[in-house]
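Protein chains in written order, with my numbering: chain A, 1 to 297; chain B, 1 to 674.
C-beta: ideal position from N, C-alpha, C; glycine also.
Model, not experiment: these values are computed from the prediction.
Reading through the structure tokens given below for one structure.
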Amino acid sequence: MKLDNIYKEEKKSAFAKLSEIIITMASRPSGLIGLSILVFHIILAFISPYIAPHDFKAIDPTLMLQSPSAEYWFGTDDLGRDVFTRTILGGRTALTITFFGSLIALLWGGLLGIFCGLVGGKIDDVVMRIVDAFLSIPWILAMLLIVSLLGTSTEVLIPALGFFYGKGIVRVARAATHDVIAKDFIVSARARGHSNFSIIWNEIIPNVRDAILVEGAMRWSWMLLGFSSLSFLGFGVSPPTPDWGLMISNARGLMSFAYWAVIAPIVGLSSLIIGINLTADAFAKALGIDRSTKAPV
Amino acid sequence: MTDIIEKVKNLSIGFRSKKGEEILILKNISTNIKKGETVGIVGESGSGKSTLALAMMGYVKHGLYTIGGECQFHSSNLLKMKSKDLEKIRGRKIAMIPQNAGQALTPNLKIGYQIDEALQLHSDLDEKEREKKISELLNKVRLPSPETIALRYPHELSGGQQQRVAVAMALAGTPDLLLLDEPTTGLDVTTQAHVLELLNFIAKDTGTSMVYVSHDLGAIAQVSDRIIVMYSGEIVLEGPSRDILKRPIHPYTHGLLKSIPKLSLAGLPESMPGSQPQPGTIKGGCSFFDRCNFSDENCKNNSPKLEFLKDLNTSVRCFNYEKLVNESQASQTVNKIKNKSQDKEILNLSEVSISYAKQKLLDQIFNRISDDNPTVKDININIKKGETIALVGESGSGKSTILKSIAGLLRTKDGLIRFDENRNLSSDLKERDPNDLRIIQLIFQNPDESLNPNHTVEEIIAQPLKLYFGLKGEELKKNIIDLLQKVRLGEFYTSRYPRQLSGGEKQRVAVARAFAAKPDIILCDEVTSALDVSVQAAVLNLLQQLKEDFGTTYIFVSHDLAVVRAISDRVAVLYQGRLCEVGPSNDVYKFPSHPYTEVLLGAVLEPDPDIKPKLVAEDIVEERPPEKGCCFQGRCSRIVGDICKKELPPWQLTDSGNAIRCHIPIKELQKEQF
Chain A
1 MKLDNIYKEE KKSAFAKLSE IIITMASRPS GLIGLSILVF HIILAFISPY
51 IAPHDFKAID PTLMLQSPSA EYWFGTDDLG RDVFTRTILG GRTALTITFF
101 GSLIALLWGG LLGIFCGLVG GKIDDVVMRI VDAFLSIPWI LAMLLIVSLL
151 GTSTEVLIPA LGFFYGKGIV RVARAATHDV IAKDFIVSAR ARGHSNFSII
201 WNEIIPNVRD AILVEGAMRW SWMLLGFSSL SFLGFGVSPP TPDWGLMISN
251 ARGLMSFAYW AVIAPIVGLS SLIIGINLTA DAFAKALGID RSTKAPV
Chain B
1 MTDIIEKVKN LSIGFRSKKG EEILILKNIS TNIKKGETVG IVGESGSGKS
51 TLALAMMGYV KHGLYTIGGE CQFHSSNLLK MKSKDLEKIR GRKIAMIPQN
101 AGQALTPNLK IGYQIDEALQ LHSDLDEKER EKKISELLNK VRLPSPETIA
151 LRYPHELSGG QQQRVAVAMA LAGTPDLLLL DEPTTGLDVT TQAHVLELLN
201 FIAKDTGTSM VYVSHDLGAI AQVSDRIIVM YSGEIVLEGP SRDILKRPIH
251 PYTHGLLKSI PKLSLAGLPE SMPGSQPQPG TIKGGCSFFD RCNFSDENCK
301 NNSPKLEFLK DLNTSVRCFN YEKLVNESQA SQTVNKIKNK SQDKEILNLS
351 EVSISYAKQK LLDQIFNRIS DDNPTVKDIN INIKKGETIA LVGESGSGKS
401 TILKSIAGLL RTKDGLIRFD ENRNLSSDLK ERDPNDLRII QLIFQNPDES
451 LNPNHTVEEI IAQPLKLYFG LKGEELKKNI IDLLQKVRLG EFYTSRYPRQ
501 LSGGEKQRVA VARAFAAKPD IILCDEVTSA LDVSVQAAVL NLLQQLKEDF
551 GTTYIFVSHD LAVVRAISDR VAVLYQGRLC EVGPSNDVYK FPSHPYTEVL
601 LGAVLEPDPD IKPKLVAEDI VEERPPEKGC CFQGRCSRIV GDICKKELPP
651 WQLTDSGNAI RCHIPIKELQ KEQF
């Protein structure tokens, strides 16, 4: 027997698998950059309340629109608040809300997509047409409607964002399921008489999980942009809580003479989105999914 | 030495593993291709035969690189050439015919246009001349009415016709060397025989040298003058075709020829133990050592050199070839199987019809199927307990369709499927109870697809055990190990994933999973056709052994008549979803037979240069079964008249209990077929 096989690998624990994936991701420059940016942002989100040099809501008319100095690293805004403090705190809400929003999107989008792919036929047709109908509604209008009806609390924003960003995942999960469904191991499970639930759980999910996770990671960065747009329009986080979208919105009128107040949140937001994007790409490559050829958007 | 057109010298190709080791796919290959010669390269999957063929046209697959050596074509080394210079050679001097012509042709361009493209690139003809040349080429590959074929799209042609178009395209540049990579593997038996005959004709007619790569010794035997046998990246045997096939002096070839089932011999061939080592795992010594019956201490520690034997005109890589020289021929011994079937009937199909037609709205509402000319019609078969019945036919003959209906995966239009003389089985899964599902299990053609890549072997085999018997914990584990031992796999396989197993091992796991349900009937859908020849015999032997132990009934679907001959007790021949002939396998393989069986038997390729296939009928492909009369009327060479087109032929019984559905009386059939 060929026990000294070079391809030999034993069953690994989930933790060992994850660490191996992360090491593969970090072995590419783009993956390493993406991961470092993401990890930096996450750590910052956790520790920022303890390291913030000033009070984020302390208004001081005497300190209005100060340019960056040793005391106020990124200057101050039109109300005299420290921009540095507000920037490092500004990602917390966005990151939390969109993270849980993506989880919800992943869950309902993934499961519905897999279910539709498996049962096919009329149920699939009807559900997919409903999803298409929702896709045709401009999401920002729909979000504005929801927010103006139910308010801008976290309990409203997370499920609402999760719902609107899950529609795309339904399509991806369904397509990935279609790839698997024709394989003989599904036919075999059917012929043995396994229930639909058992087929989804045991046979399909392990095979489509990777594709859906990657899609979910991409949706996360889009959702972040969407959430910041809501804040920018005044429908996201309410003042005085620091938030990048809100800060950009407030400071954009003063851009010509107080550029520091708008640049800092822009850098924060775009670096996080780039970080998530690069990480998702590296994640896909580490799992062996080539987004350039297989990405169903 | 001017007649050598391509010279491969000490060629090594390999890749670097993750750990940085250099792993060789080809090890120090040297050979010559002479002008006008057809060389067959034969080996199992992973032996490096395709890599060698591609290197001969100066191409190294992505991820691999040349470690040493050269491929000299007309005194220039292809592997060092710039791609601009290679362009002038490829297509013009060396042409390639791919395995799957259907995928190699652009689907949205007409055949004529695609050949024209090749001509524009590789010749200096003007438009009028090219047009003439296109018909000429299509004529040469014997396509009917070239003018109409040129105006068709690839999908409008059958597999055999597509392959012919690929040959025509390759000939467009009048190449000196044709490389053929498994050109007939995906084709039906009859089509394959026709394409090989065409290739032989072209080789003679144009004087082109050919390199024919295949795993199928039967096909190689029909076309090649010289054979190169490869094993894990090395040439182990090289010599004139007849000598190699009649007197194989390398243990690998010897064993390989013994393990191929033959039409003339009923019973299971001897199998070769083990499987080909993965590249990079051989530490020293002969690469075939593990599987060799003739090995000794010397083979373990030293690797043999390729040695040229002048008196046999053959090169061999073995220390002990002399032991084989004296054996005049690979005399085949087979394990005759005893028909242990009982008289008790286990499964009965009566008047079964199956339709794939899209149903009208009204029929959908009333949940019925209406189709006057269904894909499968009038299937009546009795299957006795403990027997192996084989369904044989070309692709599209409905054999897999019937299996699906028996398994409950496809609804029948009419007819009854009866189990154990009194229980009716619905052809709809949802209407079967768990026990009905348990008694019938499936084994699929391709174990890569039938095993979930994300499950370990343990999880795969546990599924039926948990589902049908609710086993848990220690008892489950014990049963799994028990089953693994029954399919000759060790306990340590439990934690492995399918991708870590070889093809044969995967199929064994699939067999274990089927037997885990303790079924009465196992449906085998082309179970050996995705396996290497040396592994195929082992799996067939295993199936036979398990059948004897458990008294299971097999329904065995295959297109390979030699495999069917080896394992089955009874054979049913199908054409266009209709039965042509049913009988004990010994009698089906003897004349008189149905004209279609005659065609199938004639087209089987044997690894023997003296047995040529007999091409009785045209290899046309019919889309739909005829509405009236005999199902084989469109291709039959023995048509007696209008009666064949109008009336359904009667079942006639021969003396030995073989039923033939034909208008020609048995006595006359016997006379004509002698």
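### Task
Could you check the C-alpha separation between Thr154(A) and Ile97(A) for me, to the nearest Å?
Each residue's CA atom was taken as its position, placing Thr154(A) and Ile97(A) some 7 Å apart.
### Query
Beta carbon of Gly48(B), beta carbon of Leu78(B): below 8 Å?
Result no, Cβ atoms of Gly48(B) and Leu78(B) do not sit closer than 8 Å.
### Task
Using a Cβ cut-off of 8 Å (strictly closer), state whether Leu409(B) contacts chain A.
Yes, Leu409(B) counts as interfacial toward chain A.
### Query
When you check each C-beta in the region 207-228 of chain A against every C-beta of chain B, which residues fall closer than 7 Å?
For the region 207-228 of chain A, which is checked against every Cβ of chain B, the residues closer than 7 Å are Asn207.
### Simplified DSSP assignment, three categories, for Asn250(A)
DSSP places Asn250(A) in helix when its eight states are reduced to three.
### Query
Which residues of chain A have a Cβ atom closer than 9 Å to the Cβ of Ser450(B), listed in chain order?
In chain order: Lys183, Asp184, Phe185, Val187 and Ser188.
### Within chain B, partners of His194(A) - CB distance below 9 Å
By Cβ distance, chain B contributes Gln463 and Leu467.
### Query
Exposed or buried, which one is Arg317(B) when buried takes at least 16 other CB atoms within 10 Å?
Residue burial is scored here from C-beta neighbours: Arg317(B) has at least 16 other C-beta atoms within 10 angstroms and is therefore classed as buried.
### Query
Among Glu37(B), Gly63(B) and Cys71(B), which has the Cα closest to the Cα of Lys9(B)?
With distances taken between Cα atoms, Lys9(B) lies closest to Cys71(B).
### Message
Using a 10 Å radius around the Cβ and a threshold of 16 neighbouring Cβ atoms, would you call Phe232(A) buried or exposed?
### Response
Under this definition Phe232(A) is a buried residue.
### Query
What does Asn424(B) touch in chain A if you count any residue whose Cβ is under 7 Å from its own?
Close to Asn424(B), with beta-carbon spacing below 7 Å, lies no residue of chain A; the smallest spacing is near 17 Å.
### Query
Going by the beta-carbon positions, is the gap between Val42(B) and Ser214(B) smaller than 8 Å?
Yes, the Cβ-Cβ distance between Val42(B) and Ser214(B) is below 8 Å.
### Span of the beta strand (DSSP E) around Ser135(B)
No beta strand (DSSP E) holds Ser135(B); the alpha helix (DSSP H) holding it covers Glu127 to Lys140.
### Task
Show which residues of chain A have a CB atom less than 8 Å away from the CB atom of Asn454(B).
Simply Pro206 and Asn207.
### Query
In whole angstroms, what separates the C-alpha of Gly503(B) from that of Leu476(B)?
So the two alpha carbons sit approximately 26 Å from each other.
### Query
Using 8 Å as the limit for Cβ to Cβ distance, is Ala176(A) near chain B?
Closer than 8 Å: no.
### Query
Nearest CA to the CA of Glu351(B): which residue from Val376(B), Glu345(B) and Glu87(B)?
Selected option, being the one with the closest Cα: Val376(B).
### Message
Taking the beta strand (DSSP E) that Leu416(B) belongs to, which residues open and close that run?
### Response
Counting along the chain, the beta strand (DSSP E) containing Leu416(B) begins and ends at Asp414 to Phe419.
### Message
Within the continuous beta strand (DSSP E) that includes Thr314(B), where are the two ends?
### Response
From DSSP, the beta strand (DSSP E) with Thr314(B) extends over Thr314 to Val316.
### Query
What does DSSP give as the partner residues of Thr76(A) in its beta bridges?
Per the DSSP secondary-structure output, Thr76(A) pairs in a beta bridge with Asp82(A).
### CB of Pro625(B) within 8 Å of CB of Gln670(B), strictly
Contact: no.
### Message
Let's see if you can read the secondary structure: which residues bound the beta strand (DSSP E) around Pro240(B)?
### Response
For Pro240(B), the enclosing beta strand (DSSP E) covers residues Glu234 to Pro240.
### Task
Check the Cβ of Phe444(B) against every Cβ in chain A and list those closer than 8 Å, keeping chain order.
In chain order: Asp184, Val187 and Ser188.
### Task
Please look up how many angstroms separate the CB atoms of Arg129(A) and Tyr165(A), rounded, as I've assumed it's under 8 Å.
Under the criterion of beta carbons closer than 8 Å, Arg129(A) and Tyr165(A) do not qualify as touching, at roughly 20 Å.
### Task
Within 10 angstroms of the Cβ of Ile123(A), are there 16 or more other Cβ atoms? Answer buried if so, exposed if not.
With fewer than 16 other Cβ atoms within 10 Å, it is exposed.
### Query
From which residue to which residue does the beta strand (DSSP E) around Ala266(B) run?
It is not in any beta strand (DSSP E) - Ala266(B) carries neither H nor E in the DSSP assignment.
#### Entry: Presumed contact (8 Å Cβ cut-off) between Ser534(B) and Gly255(B), rounded CB distance
The pair is a contact, with the Cβ atoms about 7 Å apart (cut-off 8 Å).
### Query
Tell me which same chain residues have a C-beta within less than 7 Å of the C-beta of Ile212(A), skipping the five on either side of it?
Excluding sequence neighbours, Ile212(A) sits near Leu106, Gly110, Ile169, Val172, Ala173 and Ala176.
### Task
Round the Cβ separation of Ile199(A) and Ile158(A) to the nearest angstrom and send it over; I've been treating them as touching at under 8 Å.
With 8 Å as the limit, Ile199(A) and Ile158(A) do not qualify as a contact, their Cβ atoms being about 31 Å apart.
### Task
For Pro434(B), go through chain A and note every residue whose CB falls closer than 7 Å to its CB, in chain order.
Listed by position along chain A, the residues whose Cβ is nearer than 7 Å to that of Pro434(B) are Gly193.
#### Entry: Proximal residues to His178(A) (C-beta, below 6 Å), its chain only, five neighbours per side dropped
Excluding positions up to five away in sequence, the list reads Gly117.
### Query
Would you call the region 630-637 of chain B and the region 557-568 of chain B touching, i.e. three or more CB-CB distances under 8 Å?
Here the region 630-637 of chain B does not lie against the region 557-568 of chain B, with fewer than 3 beta-carbon pairs under 8 Å apart.
### Message
For Val211(B), tell me which candidate among Leu198(B), Ala95(B), Gly280(B) and Ile249(B) has the shortest Cα-Cα distance.
### Response
Checking every option, the nearest Cα to that of Val211(B) belongs to Ala95(B).
### Query
Between the Cα of Asp642(B) and the Cα atoms of Gly657(B), Cys630(B) and Thr191(B), which residue gives the shortest distance?
When each option's Cα is compared against that of Asp642(B), the closest is Cys630(B).
### Task
Name, going along the chain, the residues of the region 49-75 of chain A whose beta-carbon falls closer than 7 Å to a beta-carbon of chain B.
Along the region 49-75 of chain A, there is no position whose C-beta sits under 7 Å from a C-beta of chain B.
### Task
Check the Cβ-Cβ distances between Leu429(B) and every residue of chain A, and say whether any is below 8 Å.
Judged by the 8 Å Cβ criterion, Leu429(B) is in contact with chain A.
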